[in-house]
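These notes are about the structure you will find just below.
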Amino acid sequence: MISPDKALNALKEGNTRFVKDEAHSPRQSSEYRKQQIADQKPFCAILTCSDSRLPVEILFDQGIGDIFVVRLAGNVASETAMESLDFAVHVLQTSLIVVMGHQNCGAVNAVINHLADEDLGEIASRIYPAIQGKKNMKEAVIANVEAQVKTVETHSLLQPELASGRLKICGAYYDFETGLVDFLSTNS
Ligand SMILES: [Zn+2]
């Protein structure tokens, strides 16, 4: 397995190629697809929103078998999302988890504007505490990412890997206009 830092660099480099219209992942051919049948070895896991405008493999210029993706509106670290990420880390040996929010997130917007309140469902209840007092949409999205990162990095099942440095968790923000993914600094 590659190190967490190398995994992060692979995402950064892929996003740079995407932004420059130089995407070239060779790992999308039918030949490559067939090589992936028996096993998967994704180099990272990403928890992100279901929004159709952030196709993960495309915006990081990655191919089949590269990224283990968990998608839920508002990129919330729900119990089932955590079970999926636990699988990525413990079974697939993934060394990096990225929690990625994005510009104009409909789920965050719904909570800000009280279209979805805390008692309306799990997604809203997981976003609600993070965005209290945030008026600006980008600020709220980033606060939500940070809150979900905290949920992931305090999850009991991941503590041994985090303590040993085998696993890193990182927040990120995707901008529709520029195509750029900003990786947020973390303590881990
Ligand atoms: Zn969204």
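Heads up: the sequence shown runs through residues 11 to 198, numbered per my numbering.
We treat Cβ as the ideally placed atom computed from N, Cα and C, and that holds for glycine.
Only a predicted model underlies this, so the values are computations on that prediction, with no experimental measurement involved.
- Its chain contains no residue whose beta carbon lies nearer than 8 angstroms to that of G131 once the 5 sequence neighbours on both sides are disregarded.
- Contact check for E171 against V99 passes: the beta carbons are separated by less than 8 angstroms.
- In this chain, the alpha helix (DSSP H) harbouring A173 covers Q169 to S174.
- Counting the other Cβ atoms within 10 Å of the Cβ of R43 gives fewer than 16, which makes it exposed.
- Distances from the CB of D61 to the heavy atoms of ligand 1 include at least one below 7 angstroms.
- CA-to-CA, the gap between K145 and E163 works out to about 26 angstroms.
- Distance check between K160 and each of G189, T90, A120 and V86 places V86 closest, using alpha-carbon atoms only.
- Pairing L167 with D96, the inter-Cα distance amounts to about 7 angstroms.
- Fewer than three pairs of CB atoms, one per stretch, sit closer than 8 angstroms, so the region 135-144 makes no contact with the region 184-193.
- Per DSSP, I137 is one residue of the alpha helix (DSSP H) stretching across E132 to I137.
- Bridge pairing for M110: T58 and A182 [DSSP].
- With the rule of 3 Cβ pairs closer than 8 angstroms, the region 12-21 does not count as touching the region 58-66.
- Ligand 1 never approaches A120 closely enough for any of its heavy atoms to be under 7 angstroms from the residue's Cβ.
- For I77, there is no enclosing alpha helix (DSSP H); the residue is found in the beta strand (DSSP E) stretching over I77 to R81.
- D49 sits in coil when the DSSP states are folded into three classes, being neither helix nor strand.
- A distance of 8 angstroms or more separates the beta carbons of A91 and F53.
- At least one heavy atom of ligand 1 lies closer than 7 angstroms to the C-beta of A117.
- Taking 7 angstroms as the cut-off, the C-beta of G181 does not count as close to any heavy atom of ligand 1.
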